[in-house]
Amino acid sequence: MDRGIHGRIKSLDIVDGDPSGHFRIRPTRRHGEYNIEVHQLLDREAAPQGYNLTLRAVDWGTPPRQSYKVVPVHLADANDNVPVFSREIYEVSVPESSPPNTPIIRLKVSDRDIGKNAQVFLEIVGGNEGGEFRVNPDTGMLYTVVPLDTETKSLYTLTVSAIDQGNSGTRKQSSAKVKINVADINDNDPVFELTNTTIWVDENEPAGTTVTKVTARDRDSGENAYISYSIANLNEVPFDIDHFSGIIRTSKLIDYESMRRQYILRIRASDWGLPYRRQTEMQLHIRVRDVNDNRPQFERTECSLEVLRSTPLGTEVFTLSAIDFDAGNMISYRMVAGNDDGCFNLDSSSGIISIGCNLVDIPTGRREINVTATDGTHFADITRIQFTLVHIRRTSGAPECRETEREDEYVLNVTVYDLGHPQKSISKVLPVTVLDENDNPPKFEKSLTSFRIPENALNGTVVIVLNATDADTGENGRIRYSLITETKDFKVDPDTGAVTVNGGLNREQQEVYELRIRATDGAERGASLYSDAIVRVTVEDINDNAPVFSVPEGYTVRVREDIPRGTLVIVVMATDADTGASGDVAYKLVMDEAADDIPPFRIDEHSGAMRTTSTLDFEERQIHTLTVRAFDRGHPSLATDTTVTVEIVDDSNAHIFGIVRVEDMDRGIHGRIKSLDIVDGDPSGHFRIRPTRRHGEYNIEVHQLLDREAAPQGYNLTLRAVDWGTPPRQSYKVVPVHLADANDNVPVFSREIYEVSVPESSPPNTPIIRLKVSDRDIGKNAQVFLEIVGGNEGGEFRVNPDTGMLYTVVPLDTETKSLYTLTVSAIDQGNSGTRKQSSAKVKINVADINDNDPVFELTNTTIWVDENEPAGTTVTKVTARDRDSGENAYISYSIANLNEVPFDIDHFSGIIRTSKLIDYESMRRHEKNNMPRSDSSHSEDFVSLPSRYGENVHTPEFIDFPFEVRINETVPLGTVVAVIRARDRDLGYNGKLVFGISDGDNDSVFRLDPETGEFKVIGYLDREREDEYVLNVTVYDLGHPQKSISKVLPVTVLDENDNPPKFEKSLTSFRIPENALNGTVVIVLNATDADTGENGRIRYSLITETKDFKVDPDTGAVTVNGDSIVNNRRIRATDGAERGASLYSDAIVRVTVEDINDNAPVFSVPEGYTVRVREDIPRGTLVIVVMATDADTGASGDVAYKLVMDEAADDIPPFRIDEHSGAMRTTSTLDFEERQIHTLTVRAFDRGHPSLATDTTVTVEIVDVNEIAIRHC
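Okay, so the sequence shown: first residue is 1 according to the UniProt record's numbering, each after it adds one.
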């Protein structure tokens, strides 16, 4: 207020409240006026309280004076912050059995803005092409929409977008990835590759012989897909099955002659799934094939007979007969000696011996021939047939078969008689000695024997002592044994026949031996005779092979530290060449007794599946080196060890909950902290301790998602600190963790749909039902507010927002509206932006009460009736309606006149009839009242009935009566399709005609107008239900006596195209291999159409756009037309439609194309890899990881790697490659001076049948390292 220079303002400055200099003061052109300007970019989030600028004004006076003023600055929010997800990538697992609407994970999004700028709307913008998931746009809860199937798709990667609700043009958005692993459940039965097959097996195969191998597949994964096999036959069968490989072997020697010749095995395949194992069965038909293992045997041997010398040529004198126990063998006969002159003929097939020469010319009186029988492989023992040639037969001629070696000496009494009388004689004894000839081959007691011997039998071990006998004597009967089969493993003693082991046996090299042993006699003269025996020796397995791992050098696997307990880490596999228990491999972990801790892993004894037993911690230990032992169950057991290296992958996504500082007052190593651990209070491992970079400082991190509802009391973490001193000292501290409630639970109604009934007479404010809602949160997050958000447009109801009681507001009326469906919303009272809500349906049925009177359609009318009508003649029909429902709307009728009238009424139909004959002259005109009665009230109707008279002479007659009426089945109701004409020559009422249908209209679809004769359609026609009616049309006159005429009227209902084709099945599924040829029929669809003619002729078409399949338009056969993929094919059946648009229906054919191994692996760098390494890297250093992918699935898509060695190269490259991961490491040290470049060939191959492979080159360039130090003198 000063004047002059003292009143001039020198400066205006900001002296406080703006530490970062966001504002400045600038003068305007007007004296004393200043602008406060924004000098730097403002950020409301950095200064949410705004600014309080302290301004100081200074004048030019002397002394200068100053004044201060505080100017508050409030910052309005600008939408300058994008929504931020709590993670960039979410990973979650959901079981495939989860029903629709299963909550999966809540996506937490924050926005530093306020108001609507911070209100975030979520939606799925990618990876959800099939609509399998949905996200609540407000809460961020992700749900399933449809049932999931691991076998169809096991991994989904969704892109979820978060967009705030700022003004249009300023909205910000961000996105996150959600990886959803569909966890497999055991929902698929194993399926055999062949469900019914026949296998042949030879007899005499030793126990343990492989018969066949069955294979089953399971579309599940993990242990749900592990399959074991068993034989489910109730009765014992001579077969067993390897539980894991499915190999079927014989369990005993099978003999075609003494055992069954066909077996039907029920093979069962069971998976290892939980909660129960699924299984399937197949039938395997095993037929036993006969092996020629029996020699023919003569039924009669050593036979002799007399033959007359006069026997003509060709006469049959003897028939040989031999049998063979083998099936189907044809026996033939041969002469081996004694028929050099051909005097006897032998038919090789029938065994008939006949005369082949003139026996008179034979000088000797006895002939002997040797014969044998053969089945083509084996020969019978030689037998002799002795013929005595006589002129006069002294015997019956029947052959005598006997053993010639039975008598070797005869003592004969020789007598000489004279012919005198008396006759004289003399006798003397004559000894006769029968000398031996070599006419008997040796005979074994058994020509086929089987024995079992362990493979560790020592040299000289006796397998069997064979015994053969020879009926001859002397040298002819002395037997020598020899081994005919070429083998060095056995020998036979030539004198004793003892078969002994002669070499080291090995069952894995040869399991069965068939030794042919020959017994040969001495034969003093001529050729020696012999016979053979077969000794089948089966080498029994002993436990002489240790298990061998599929990866002998050891396994390496990497797992995340945050995997849950019980997660499958790796499956190791070992095989054992032995059989039985000696080949049954089991697994166990070998513990290091010197180690302080127990590794957090366990291994399944049977499958080799290794799982975690507790949570892992990268900070505690990064690598676990485990020793796995594979051992068999033989006696003694043999074992092999391998190493499994488990590398723990760090999880850096944990959230820091608190910081703990630990101090130790000691000095030196005694004051250093060794560890800080959680030893109690966290049973599920939600927290973990991780050291920071500062000594003695540790972070308490949230390791797993917390849920207050699961732990409402919070946690009391017991921490243990241990120092490095000797002895180590420790200290404990309890850290209480209280969980603040997050509004993460939606209110839940006790039911999704409530149904209740309320009488329509209920007054306003009548309580109807209390809706119970619960919320697992606490505090205001659990306070629920209810309101009606739908179905209450007329305001008929209200709900108490706190108690949930539903009330009526206005009187209700069933006749106006009988059903209300309300939508009631429940929303909790959490902070804005976090509120959750849900809704339920309330169906309210308004129950009817009897609150309406019946109402006549006509309240006053006049009816004429002729005199002389008989009692019971219908006069008229009255009708009343009642707006109530149910029994309240049922109406009965009665006549309420006080005086008697000659009429009565049907109580239910309302038809009024005469009760007696009415005479115009003697009776008077009547008026009467009708009364329909209901449950509550009545109304009245007045009807007047006059009479007429006259004579009736003529009968009605039809005029141009139609021959037939043809009607389309879709004709509209009320259409006049014909007019029936008739006449009556009488006059007045006697000539007045009434038309009617007296019979044939059982469906009540026609009406014949009683006055005009118009023939109308009043009901819906359906040709498919009734295509023809035969109506009886009658015309009455109104004379007395009444006369009538009737005639038959055929009515034909014509077809209209009103029925679409119908498939037998609207959804079918088929599987087809991807190499199916063009033209392969997938399915023949069949659709039917109830229409006829062109309307019922069906044509098939393929609606789905694809060139892979086609459909025959006439037969409906779906065939392969090109390369196939998995898809649904929509097939349409369309009818012919004589008029108008054709009708159609669709069927879905789901064709799953089964994979075959038709893709070789493809390297990620097909042109080859090049890598440079220093020559001084240690052995085992990772050089490169090659990667190849295979488009096939299953084993055909499982890629393995190996190095292809150059056979011409002199040295072995100092590298090895991991079969599973493709990681190439050094196996020895490298030397630049020795070799600068290594060019390696790496082969990637799949495990399909047959396997496909691809090669690539890996060029390893060695980098020189200066190894010579320069020394200065």
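All residues carry an ideal CB built from backbone N, CA and C; glycine is no exception.
> Cβ of E45 within 8 Å of Cβ of F23?
Replying inline: In this structure, E45 keeps its C-beta atom at 8 Å or more from the C-beta atom of F23.
>> Using only CA atoms, which one of V548, H39, A1223 lies nearest to R26?
In response: H39
> Tell me which same chain residues have a C-beta within less than 6 Å of the C-beta of T1256, skipping the five on either side of it?
Replying inline: F1163, G1168, V1242
> Do the CB positions of Y333 and L313 come within less than 8 Å of each other?
Replying inline: no
> Which stretch, first to last residue, makes up the alpha helix (DSSP H) that contains E205?
Replying inline: Counting along the chain, E205 falls outside any alpha helix (DSSP H), and DSSP gives it neither H nor E.
> What is the DSSP secondary structure of V1156, counted as helix, strand or coil?
Replying inline: For the record, residue 1156 in the displayed sequence is Ile; it is not Val. In the structure shown, I1156 sits in coil (DSSP, three-state: anything other than H, G, I, E or B).
> Is the stretch 1096 to 1107 touching the stretch 1180 to 1190 in the sense that three or more CB pairs, one from each, lie closer than 8 Å?
Replying inline: no
> Just how far apart, CA to CA, sit R219 and V1081?
Replying inline: 25 Å
> Given a threshold of 16 other Cβ atoms within 10 Å of its Cβ, counted over all protein chains shown, does residue 1279 qualify as buried or as exposed?
Replying inline: Residue 1279 cannot be examined here, being either before or after the span of the chain that is shown, 1 to 1273.
> At a cut of 8 Å, does the stretch 518 to 533 reach the stretch 552 to 560 through at least three beta carbon pairs?
Replying inline: no
> Where does F1070 land, buried or exposed, given buried means 16+ other C-beta within 10 angstroms?
Replying inline: exposed
> Ordered along the chain, which non-local residues of its own chain (more than five positions away) have a Cβ less than 8 Å from that of R309?
Replying inline: L359, V360, I362, L389, V390, H391
> Mind checking whether G991 and V1005 have CB atoms under 8 Å apart?
Replying inline: no
> To the nearest whole angstrom, what separates the beta carbons of V1017 and L1049, a pair I think is in contact under 8 Å?
Replying inline: Their Cβ separation, rounded to whole angstroms, is 14 Å, which puts V1017 and L1049 out of contact at 8 Å.
> Quick one: complete beta strand (DSSP E) runs, 3+ long, within the UniProt domain "Cadherin" (299 to 444)?
Replying inline: Whole beta strand (DSSP E) segments, 3+ residues: 303 to 308, 316 to 319, 332 to 337, 344 to 346, 352 to 355, 366 to 374, 383 to 390, 409 to 417, 425 to 433.
> From which residue to which residue does the alpha helix (DSSP H) around E593 run?
Replying inline: No alpha helix (DSSP H) contains E593, which DSSP labels as neither H nor E.
>> If distances are taken between C-alpha atoms only, which option among E755, G830, L638 comes closest to F785?
In response: G830
> G671 and D677: beta carbons closer than 8 Å?
Replying inline: Taking 8 Å as the cut-off, the beta carbon of G671 is found no closer than this to the beta carbon of D677.
> Along the chain, which unbroken stretches of the beta strand (DSSP E) at least 3 residues long are found entirely within the stretch 39 to 121?
Replying inline: 51 to 59, 66 to 73, 89 to 95, 103 to 106
> When burial is assigned at 16 or more other CB atoms within 10 Å of the CB, is R394 buried or exposed?
Replying inline: exposed
> Nearest to D340 by CA position, among C357, Q173, D1192, is which residue?
Replying inline: C357
>> With three or more beta-carbon pairs closer than 8 Å as the criterion, would you say the stretch 210 to 219 touches the stretch 136 to 144?
In response: no
>> Residues in the same chain with beta-carbon distance under 7 Å from D848, minus the five sequence neighbours each way, listed in chain order, please.
In response: E760, T814, D884, S885, G886, N888
> Taking the DSSP output, what are the residues bridged to Q262?
Replying inline: R287, per the DSSP bridge assignment.
> What is the DSSP secondary structure of I656, counted as helix, strand or coil?
Replying inline: It is a strand residue.
> At what residues does the beta strand (DSSP E) containing E647 begin and finish?
Replying inline: 639 to 649
> In chain order, which continuous runs of the beta strand (DSSP E) of length 3 or greater are located wholly inside the stretch 658 to 682?
Replying inline: 673 to 680
> What's the C-alpha gap between V1263 and D1246?
Replying inline: 34 Å
> Are V492 and Q510 closer than 8 Å when you measure CB to CB?
Replying inline: no
>> Spatial neighbours of D2 within its chain, please: C-beta separation below 8 Å, excluding the five flanking residues on both sides.
In response: For D2, the CB contacts under 8 Å within the same chain, skipping 5 residues up- and downstream, are D59, G61 in chain order.
>> What does the alpha-carbon distance come out to for the pair residue 1287 and I286?
In response: A query on residue 1287 cannot be resolved here, the shown segment of the chain reaching from 1 to 1273 and no further.
> Given Y1144, which residues of its chain have a CB within under 8 Å of its CB, disregarding the five upstream and five downstream residues?
Replying inline: Only residues of its own chain outside the window of five on either side were considered, and among them P1060, P1061, R1132, A1133, T1134, D1135 have a CB closer than 8 Å to the CB of Y1144, listed in chain order.
> In angstroms, rounded to a whole number, what distance separates the CA positions of G376 and S230?
Replying inline: 41 Å
>> Runs of 3 residues minimum, wholly inside the stretch 144 to 181: which ones carry the beta strand (DSSP E) assignment?
In response: Taken in chain order, the unbroken stretches of beta strand (DSSP E) that lie wholly in the stretch 144 to 181 and span 3 residues or more are 155 to 164.
> How long is the line joining the alpha carbons of L1234 and V628, rounded to whole angstroms?
Replying inline: One point to set straight first is that residue 1234 is Glu, not Leu, in the sequence displayed. Each residue's alpha carbon lies about 38 Å from the other.
> What does a CB cutoff of less than 6 Å around S20 pick up in its chain, not counting 5 residues either side in sequence?
Replying inline: none
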